[in-house]
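Here is the structure we will look at, set down as structure tokens.
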Ligand code: NAD
Ligand code: MG
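Numbering (the numbering used here), first residue to last: 1 to 401.
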């Protein structure tokens with residue numbers, strides 16, 4: 001990593017700055033001193049070029065990148081008269097990630113976040129990882145790039161951030177298990193028959209967290225927790241059987257670590273991503289943030305229950321992927337992204353998402369295999385092709401009936 005004097009403002013880049021994580025990251029930066037305390041290197045978005053341009057101008061970014069090549073002209077026009085450079089397309093995103101930021105927020109949703117995040121890690125930036133798909137699809141590779149670059153990997157996903165806060169690295173030998181908490185989403189108590197007919201709008205209404213639409217629907221199907229189980233295994237180098245999930249509807253305990261003396265350490269807080277983002281931004285110091293403080297007397301109680309992997313088969317699929325290792329995370333994620341988009345587009349029903357992912361995993365064998373970046377992209381591509389065929393088959397059947 002580039003040496004800088006400790007008094008120089010930190011250089012930061014935010015990939016996916018126009019999304020939920022990205023906007024929260026800029027809000028934390030603003031709160032911690034804005035342009036006086038940080039230099040914004042790159043900001044990126046995809047569809048919303050007006051917002052991207054407004055953010056880049058307000059924060060004095062060096063470059064703004066839209067992932068959509070067709071939006072270059074719109075972005076350039078929105079930046080007219082400012083000193084912000086404009087760029088567009090996936091290659092420009094990687095080039096921006098290779099700039100010498102000290103810290104990068106990986107806040108792009110989905111597999112599209114992998115290439116820029118790997119580039120920033122390889123170059124040596126500290127990576128604040130919100131995008132879970134990177135680790136799910138390419139866990140080993142990702143660790144290798146972090147080691148090559150020498151930066152730190154700081155989890156932002158609230159559960160993994162919580163674990164990071166209570167995972168005593170020097171006591172790793174006495175850590176027995178990680179307990180991921182899950183709110184259970186909007187359909188925690190809904191019976192299976194009713195789940196078949198829920199709509200994307202119903203699925204996107206998360207009871208506790210305000211997030212992007214894809215992760216909100218993944219929370220409803222518990223595919224979000226499935227991805228997080230695989231993410232936790234890679235992040236903390238655990239065996240599959242050391243990762244547990246417990247339903248905790250209040251989302252106050254963000255996750256826990258169990259030790260060999262019977263102690264369980266937990267991190268608690270209001271469901272507000274700014275805590276995890278701030279933690280990753282100033283680690284190992286804790287920033288002062290204007291988030292809601294917990295009032296235990298008014299909370300009164302915290303509830304827990306076992307997850308139901310009959311109604312939420314995504315959890316079983318995650319176990320299968322964790323035990324198979326190799327490219328199975330990439331297969332699960334690629335198929336899931338296609339199934340999720342098909343559900344959002346109204347082509348398949350809610351419960352069909354897990355059916356499709358399970359079938360793709362069976363067809364591809366989910367086996368090991370050398371984990372090179374080419375192999376990861378190939379596994380992702382093949383999983384998507386098969387998932388699209390399955391979606392097409394199902395939508396054709398539902399039109400015929
Ligand atoms: P979002 O949909 O609100 O924002 C996604 C961002 O990625 C936007 O800036 C969008 O323009 C950009 N983007 C979308 N498609 C792209 C593509 N093909 N190429 C490049 N950029 C693209 O999503 P979000 O809720 O902010 O989530 C971002 C990531 O963080 C996801 O991986 C999610 O799982 C993870 N995460 C989010 C939260 C949360 O509270 N929102 C919590 C934990 C983890
Ligand atoms: Mg999470």
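Each residue gets a CB set at the ideal place from its N, CA and C atoms; glycine is no exception.
Do the CB positions of residue i and residue j come within less than 9 Å of each other?
i: residue 192; j: residue 225; result: no
i: residue 356; j: residue 105; result: no
i: residue 124; j: residue 151; result: yes
i: residue 246; j: residue 257; result: no
i: residue 134; j: residue 154; result: no
i: residue 351; j: residue 203; result: no
i: residue 376; j: residue 302; result: no
i: residue 42; j: residue 112; result: no
i: residue 138; j: residue 373; result: yes
i: residue 186; j: residue 220; result: yes
i: residue 92; j: residue 117; result: no
Can you give me the Cβ contacts of residue i inside the same chain, cut-off strictly under 6 Å, excluding the 5 residues immediately before and after it?
i: residue 174; result: 259, 260
i: residue 379; result: 327, 330, 331
i: residue 2; result: Residue confidence is low: residue 2 scores 45 on pLDDT, short of 50, so the model does not pin down where it sits. Its coordinate-derived value is still stated next. If we look at residue 2 and ignore the five residues flanking it on each side, its Cβ neighbours are 100.
i: residue 158; result: 254, 276
i: residue 29; result: 38
i: residue 20; result: 211, 212
In its own chain, which residues sit with a C-beta less than 7 Å from the C-beta of residue i, not counting the 5 before and 5 after it?
i: residue 86; result: 64, 72, 75, 76, 79
i: residue 144; result: none
i: residue 319; result: 240
i: residue 69; result: 88, 89
i: residue 184; result: 247, 249
i: residue 122; result: 145, 148, 149
i: residue 27; result: 274
Excluding the 5 residues flanking residue i on each side, which residues of the same chain have their C-beta closer than 8 Å to its C-beta?
i: residue 57; result: 79, 82, 84
i: residue 391; result: 338, 339, 342, 347, 348, 356
i: residue 176; result: 242, 258, 259, 260
So if DSSP puts residue i in a beta bridge, which residue, or which two residues, is it bridged to?
i: residue 155; result: 129
i: residue 103; result: 12, 126
i: residue 402; result: The chain is shown from 1 up to 401; residue 402 falls before or after that span and cannot be answered.
i: residue 255; result: 267
i: residue 63; result: 42, 85
i: residue 435; result: There is simply no residue 435 to check, as the chain begins at 1 and stops at 401 in what is shown.
i: residue 178; result: 243, 257
Using CA atoms only, rank isn't needed, just tell me which of the options is closest to residue i.
i: residue 166; options: 219, 190, 241, 284; result: 284
i: residue 315; options: 304, 298, 336; result: 336
i: residue 13; options: 47, 119, 49, 70; result: 119
i: residue 403; options: 317, 292, 53, 301; result: The requested residue 403 does not occur in the structure, where the chain is confined to residues 1 to 401.
i: residue 292; options: 147, 272, 311, 298; result: 272
i: residue 232; options: 178, 217, 395; result: 178
i: residue 130; options: 309, 110, 8, 140; result: 110
i: residue 199; options: 9, 25, 353, 163; result: 353
Which full runs of the beta strand (DSSP E) of 3+ residues lie inside the stretch 263–289, going along the chain?
264–268
Segments assigned alpha helix (DSSP H), at least 4 residues, entirely inside the stretch 180–254:
192–195, 200–203, 213–221, 223–235
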